[in-house]
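I have placed the structure first, in the form of structure tokens, so that the comments after it can refer back to it.
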Amino acid sequence: MTNPLDSLYTELVIEHDKRPQNAGLREPFDAEVHHVNPTCGDEITLRLHLDRDDRAGGSLRIRDISYEAIGCAMSRASASIMSDLLIGRTTEEALPVIEHLETVMSSRGTVEADEELIGDAVALMGAAKFPARIKCVLMAWKAYQAALVETQAMGER
Amino acid sequence: MTAPFHPTRPFDLESIRRDFPILDRRLDADTAMVYLDSGATSQRPRPVIDAEVDFLTHDNAAVKRGAHRMAEAATDAFEHARTTIGRFIGAPRSEEVVITRGATEALNLVARSLGDGDDTTPAQLRVSPGDEILVTEMEHHANLVPWQELARRTGATLRWIPLTDEFTLDLTGLPSLLTERTKVLALTHQSNVLGTVNPVRELAEAARAVGALTVLDAAQSAPHMPFDVSELGVDFAALSGHKMLGPTGVGVLWGRYEHLAAMPPYLTGGSMIETVTMDRSTYAAPPARFEAGTPPVSQTVGLGAACDYLSALGMEQIAAHEQALTTRALEGLSGIDAVRVLGPGASPQRSGAVAFVIDGVHPHDVGQVLDSLGIQVRVGHHCAWPLHRRYGVTGSTRASFSVHTTEAEVDAFVDGVARAIDYFQAASR
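Order-wise, the sequence lines are chains A and B. Under UniProt numbering, the letters of the first sequence match residues 1 to 157, in that order. Under UniProt numbering, the letters of the second sequence match residues 1 to 429, in that order.
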């Protein structure tokens, strides 16, 4: 008999929770943000390092995402999978990934995740059917977005 | 003083459970609902639900205004509930029972009013620069943040009684914390996380000796043990309807009449005035002074019925029932190595909130596994973040018991905790 919990805690989630990728805070970085989930007290500190890539038309390429995450299996796995997925992409390339992820997560399970687009993050999408866990999954991604905004604000100064 | 209550029905768990229609709820075809989150919101027995429905069906109208018979009927029902609530908490006068929207509003009412006095306000009821407000490290945010804000508004200093490693108040430093500078001692009767029952009577006496007011957060205690404001010797007490088998949206502030009569109002508006002219107003006597606007009438009627329900069962019997469940839960959890309970061992000073952490499994994940088994528990910091920080954790999992909780439910919970650990530590995963 399959355990319904396995749709939430997929093998990939458990693996990333136990062996988080890119964890720890590293230098250099362009922006650092600290996000807290006020309902459960979970925290993430996330650093973003970008580089202008002339071979990609001057796009900003994500060179590093480093982080320290205190939280549940879902939030830790989400940070780990996100860093794996986004490091090496340009910020423009990351955009549709995040957009799709948010769409699936807010759909209560009615929108099927596109694995081609979001890769391993598909393993997190079981949370869409567990409304209380959506915040856990989105926390790292929101932190990335906030860090990106911060680097842009710095660029304008 | 009111006469002590005598239970009017036997504590028969099966018949009690039949009073709670929600206990028949199934989460899915194979999963019965095991409700172990009464500390967050309690379930309502049929007499409480019926009282509200009956009131709305027969007597609903605006209270305390209008001369028609419906207004009278509604006012009678409302005031009857106030009297019932007052009797339940041992209030010497029912005018000391202020109906609020909840315990949070009751605590904010006191904290706000104590900072709003002027030269006409007795010094005891006016917090000023240089004064101190003493709280404890185990407070729910509802009995911490209002005092932080009062300190900020008035220039007073906030201090707190720390916690011991044994999950009790550390009273060794009390003489230097509770001094003639202390205006207010605000503390919880019973921790919503640790289950610790504080020595309120002794602390209120110590506060009175230095001229400080004692404000008691009784949201967690009143539904679970004999509760009498006169016996405790406090100056104010806050209660929550929905934590004592009653409706949401209603709570109680009890305060000594002489205090209430001398305090400036909190919310202002209709129903709380004596006279109004274009440039100023004078205010009604308590409790009306603190009940601006239309009160939560049907909820108050429901809360009166909840007090009657609890009284009929007997608070001693309820306390004994929940003690036994707590002892069983603590014994069960002690058999699981990875579990660390946040709270003291079983004793009469230990109530039925059982919070714990598991090495390597986050509370959210524990709660998820328990939920998959139908067991409804609270996870997170339970609005007591400083307490969790004190014990080096960001959150915990908490089971909390009520009159309808069974030993079998406690056993299912303990078993569920063990299964949660297995799930996350299974070798194959």
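In this text, a Cβ means the ideal position worked out from N, Cα and C, and glycines have one as well.
Say whether chain A places a C-beta atom closer than 7 Å to the C-beta of residue i.
i, result
"S372 of chain B", "yes"
"D54 of chain B", "no"
"H189 of chain B", "no"
"residue 430 of chain B", "Since the first and last residues shown for chain B are 1 and 429, residue 430 of chain B lies out of range."
"D365 of chain B", "yes"
"H362 of chain B", "yes"
"L267 of chain B", "no"
"S428 of chain B", "Caution applies to S428 of chain B, whose pLDDT of 46 falls short of 50 and renders its modelled position unreliable; the value that the coordinates give is listed next. S428 of chain B does not count as touching chain A."
With DSSP collapsed to three states, give me the class of residue i.
i, result
"R93 of chain B", "coil"
"Y391 of chain B", "coil"
"L114 of chain B", "coil"
"K142 of chain A", "helix"
"D411 of chain B", "helix"
"D50 of chain B", "helix"
"Q299 of chain B", "helix"
"T168 of chain B", "coil"
"R126 of chain B", "coil"
"residue 440 of chain B", "Residue 440 of chain B lies beyond the residue range present for chain B, which begins at 1 and ends at 429; the question has no answer from this structure."
"V135 of chain B", "strand"
"S281 of chain B", "strand"
"R87 of chain B", "helix"
"G416 of chain B", "helix"
"V377 of chain B", "coil"
"L8 of chain A", "coil"
"L144 of chain B", "coil"
"Y266 of chain B", "coil"
"E274 of chain B", "strand"
"V149 of chain A", "helix"
"R152 of chain B", "helix"
Contact criterion: CB-CB distance below 7 Å. Does residue i meet it with respect to chain B?
i, result
"L85 of chain A", "no"
"L117 of chain A", "no"
"T39 of chain A", "yes"
"L124 of chain A", "no"
"L148 of chain A", "no"
Along chain A, which residues have their Cβ under 9 Å away from the Cβ of residue i?
i, result
"V252 of chain B", "Simply none; closest approach about 27 Å."
"Y423 of chain B", "N3, L5 and Y9"
"V135 of chain B", "By Cβ distance, chain A contributes nothing, its closest Cβ being about 20 Å from V135 of chain B, past 9 Å."
Mind listing the chain B neighbours of residue i? Cutoff is C-beta to C-beta under 9 Å, in chain order.
i, result
"L138 of chain A", "Those do not exist, as L138 of chain A stays about 14 Å from chain B at its closest Cβ, beyond 9 Å."
Interface residues of chain B around residue i at Cβ under 7 Å?
i, result
"P131 of chain A", "None at all; the shortest Cβ gap to chain B is about 12 Å."
"P4 of chain A", "S372"
Could you name the residues of chain A that residue i contacts, counting a contact when the two beta carbons are closer than 8 Å?
i, result
"V369 of chain B", "L5"
Residues from the stretch 373-387 of chain B in contact with chain A, defined by Cβ distance under 9 Å: V379, G380, H381 and W385
Ordered list of alpha helix (DSSP H) runs contained in the stretch 52-128 of chain A, each at least 4 residues: 73-86, 91-105 and 115-118
Contiguous beta strand (DSSP E) assignments of at least 3 residues, all confined to the stretch 303-375 of chain B: Note on the stretch 303-375 of chain B: whole beta strand (DSSP E) runs with a minimum of 3 residues are 339-342 and 353-358, in chain order.
Cβ-based contacts, 9 Å cut-off: residues of the stretch 63-75 of chain A near chain B: Going along the stretch 63-75 of chain A in chain order, one finds I70, G71, C72, A73, M74 and S75 with a Cβ nearer than 9 Å to chain B.
3 or more residues per run - each beta strand (DSSP E) lying fully within the stretch 226-253 of chain B: 236-240
Residues of the stretch 7-24 of chain A whose Cβ lies closer than 9 Å to any Cβ of chain B, in chain order: L8, Y9, E11, I14, E15, D17 and K18
Against chain B: residues of the stretch 41-66 of chain A by CB proximity under 7 Å: Along the stretch 41-66 of chain A, going in chain order, the ones with a CB nearer than 7 Å to a CB of chain B are G41 and D42.
Within the stretch 154-223 of chain B, ranges of the beta strand (DSSP E) (whole runs, at least 3 residues): 157-161, 182-188 and 213-217
Those runs of the alpha helix (DSSP H) which lie wholly inside the stretch 10-49 of chain A and span at least 4 residues: 11-18
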